[in-house]
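Trainee: Have a look at this one before I ask anything.
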Amino acid sequence: MNAATVTRKPYTPKEAVERLRHGDLGAWPVVGALIAIAVVFGSLNEHFLSPENLTNLALQMAATGTISLGIIMVLLLGEIDLSAGSVSGLCAVVMAILSVRQGWNPILAIVVALAAGALVGLLHGIMFTRLRMPSFVVTLAGLIGWQGLLLYLLGEGGIVNLPFDGFVAKLSDTWLPPWLAWLIVAMLVLVSGGSSLINRRLRLAAELPVPPAWWTAVKIGGLTLVLAGAVLVMSADRGVPLLLVIFGTLVVAFDLVLRHTAFGRWMYAVGGNVEAARRAGISVTRIRVLAFVLSSTLAAFGGILSASRLSAVNQGSGGSDILLMAIAAAVIGGTSLFGGRGRTYAALLGILVIQSITNGMYLLSVDSSVRYMVTAAVLALAVAIDSLARRGSTP
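Numbering of the sequence shown is given in full-length UniProt numbering, commencing with residue 1 and proceeding in unit increments.
The structure is reproduced here in structure tokens:
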């Protein structure tokens, strides 16, 4: 069959409805949840949608969102990483000890801390693939063990303060000038639009169905409005925080890797069907090890961003509910617990939902017990939607 005999048609409304019936919901449930959250908390407290509060919200979600981004790498394979919180705290402590107590250059200390995170992930991956230990057990042991090593490194003092005027602390206290913020918006829109158009052209060349041109234009226009609105709101306060730019850059970069590289296709293939991926010649062991390496490395980076906000590391670094919130953000954002489905934007959307709920309840002086229960309900709803979508996609 040649191209001349094929009529290339976009998705019809019937086909779109059929995709929704089979669980291809995309990000619409999360977007709907964010709109509902904005309406509810905005009506209950006028400060919720203020530029100052929204800027603080952007700062709050960067560290946990980065950890969640790493967890997505493992969830795509249908596995789990319970050590991400402990690894984030441990690597932040390594960075702080080297830069403050040993007098190292802060950038070099950050590189060593990230390398330590990668080695931890490599160890987890080897234990999972070579020793055939369940990922739950491997990372649960890591959660306990790396927390113990963190306490050992801190010693009796239990805290290392970072210089307020130092490089690391300045990461969370740096704000983009308006011209640079608008330049980044323009670049993101161009990259997103160019990627969509190239993908559309490639699908047409391969005689695959494509969405209608107007839908692509609507998505690009929607992205432009969202980014422009965010810059306008945050510029009315202190400006766009550097931490948000770093987190957003990681999300976009890993999304491009997963969607447009062989490694990304192999990740989805292994998560979708391990045996089929193995028969197709994919090195399943290598992909699994790399996923754990990426998870721990991003956890280390998230720990460093968290230390930057606090200007210190202590015995509670990487503890509390950081791990639970990072996993919840990935799932709420649309990443499947069963593997093979999800995008890095899940980390951004999911952590935005969680932090918005948390922030709104703090403003309303709601007890933390209620906040935990509400977050649990949202997480349960997200998993229920994922399970129903998976059931609907099963022939």
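For every residue, glycine included, the Cβ atom is placed at its ideal position computed from N, Cα and C.
Under the three-state reduction of DSSP, which class applies to Asn-56: helix, strand or coil?
Mentor: Correct three-state label for Asn-56: helix.
Trainee: Within 10 angstroms of the Cβ of residue 399, are there 16 or more other Cβ atoms? Answer buried if so, exposed if not.
Mentor: A question about residue 399 goes unanswered here, because the residues of the chain that appear run from 1 up to 395.
Trainee: Tell me which residues share the same chain as Phe-48 and place their Cβ nearer than 7 Å to its Cβ, disregarding the 5 neighbours each side in the sequence.
Mentor: So the qualifying residues of the chain are Phe-41, Gly-42, Gly-360, Leu-363.
Trainee: With distances taken Cα to Cα, identify the nearest neighbour of Phe-167 among Ala-347, Ala-307, Ser-369.
Mentor: For Phe-167, the nearest C-alpha among the options comes from Ala-307.
Trainee: Report all residues from its chain with a CB closer than 6 Å to the CB of Ala-33; omit the five preceding and five following residues, and keep chain order.
Mentor: The answer, listed in chain order, is Val-353.
Trainee: How about Ser-135: is its Cβ closer than 7 Å to a heavy atom in the ligand FMN?
Mentor: No copy of the ligand FMN occurs in the structure displayed, which carries no ligand at all.
Trainee: Please classify Pro-178: does DSSP put it in a helix, a strand, or coil?
Mentor: Three-state DSSP puts Pro-178 in a helix.
Trainee: Indicate the three-state DSSP secondary structure (helix, strand or coil) for Ala-376 in the structure shown.
Mentor: If DSSP states are grouped into helix, strand and coil, Ala-376 belongs with the helices.
Trainee: Indicate the three-state DSSP secondary structure (helix, strand or coil) for Ala-312 in the structure shown.
Mentor: Residue state, collapsed to three classes: strand.
Trainee: Given Ile-71, which residues of its chain have a CB within under 7 Å of its CB, disregarding the five upstream and five downstream residues?
Mentor: Asp-81, Ala-84, Ser-295, Ala-326, Ile-327, Ala-330, listed in sequence order.
Trainee: How big is the Cα-Cα spacing for Leu-197 and Val-231?
Mentor: Whole-angstrom Cα-Cα distance: 25 Å.
Trainee: Gly-271: buried (16+ other C-beta within 10 angstroms of its C-beta) or exposed?
Mentor: Buried, because 16 or more other Cβ atoms sit within 10 Å of the Cβ of Gly-271.
Trainee: Check whether the stretch 258-275 and the stretch 307-321 are in contact - that is, three or more C-beta pairs closer than 8 Å.
Mentor: Touching, no, given that fewer than three Cβ pairs across the two stretches are closer than 8 Å.
Trainee: Ordered along the chain, which non-local residues of its own chain (more than five positions away) have a Cβ less than 7 Å from that of Leu-69?
Mentor: Excluding sequence neighbours, Leu-69 sits near Leu-250, Val-251, Phe-254, Leu-298, Thr-344, Ala-347.
Trainee: Give the range of the beta strand (DSSP E) segment to which Asn-359 is assigned.
Mentor: Segment 345-363 is the alpha helix (DSSP H) holding Asn-359; no beta strand (DSSP E) there.
Trainee: Return the CA-CA distance between Tyr-268 and Ile-184, expressed in angstroms with no decimal places.
Mentor: Each residue's Cα considered, the two are about 29 Å apart.
Trainee: Thinking just about the alpha-carbon of each residue, which of Val-30, Ile-37, Leu-76 is nearest to the one in Gly-341?
Mentor: Reading off the sequence, residue 341 comes out as Arg, not Gly. Closest option to Arg-341, Cα to Cα, is Leu-76.
Trainee: How far does the beta strand (DSSP E) with Val-160 in it extend, from its first residue to its last?
Mentor: From DSSP, the beta strand (DSSP E) with Val-160 extends over 159-161.
Trainee: For the structure I just gave you, are there three or more beta carbon pairs, one from the stretch 53-69 and one from the stretch 239-249, closer than 8 Å?
Mentor: Result yes; three or more Cβ-Cβ pairs closer than 8 Å.
Trainee: Is Val-366 helix, strand or coil when you go by DSSP?
Mentor: In this structure, Val-366 counts as coil in the three-state DSSP scheme.
Trainee: According to DSSP, simplified to helix, strand and coil, what is Pro-106?
Mentor: Helix, per DSSP.
Trainee: Please classify Trp-146: is it buried, with 16 or more other beta-carbons within 10 angstroms of its beta-carbon, or exposed?
Mentor: Buried: at least 16 other Cβ atoms inside 10 Å.
Trainee: Buried or exposed: where does Phe-128 fall if 16 or more other Cβ atoms within 10 Å of its Cβ makes it buried?
Mentor: Buried, since its Cβ has 16 or more Cβ neighbours within 10 Å.
Trainee: How close, in whole Å, do the beta carbons of Gln-315 and Leu-154 come, if the pair is a contact with beta carbons under 8 Å?
Mentor: That pair is a contact at about 6 Å.
Trainee: Pull up the distance between the alpha-carbon of Arg-371 and that of Ile-357, whole angstroms please.
Mentor: When rounded, the distance between both Cα atoms is 8 Å.
Trainee: When we look at the beta-carbon of Leu-351 and count the other beta-carbons within 10 Å, is it buried (16 or more) or exposed?
Mentor: For clarity, residue 351 is Ile in the given sequence; the question names Leu instead. Per the 10 Å Cβ criterion, buried.
Trainee: Note down the Cα distance separating Glu-156 from Ala-169, rounded to an integer number of angstroms.
Mentor: In a straight line, the C-alpha of Glu-156 is about 24 Å away from that of Ala-169.
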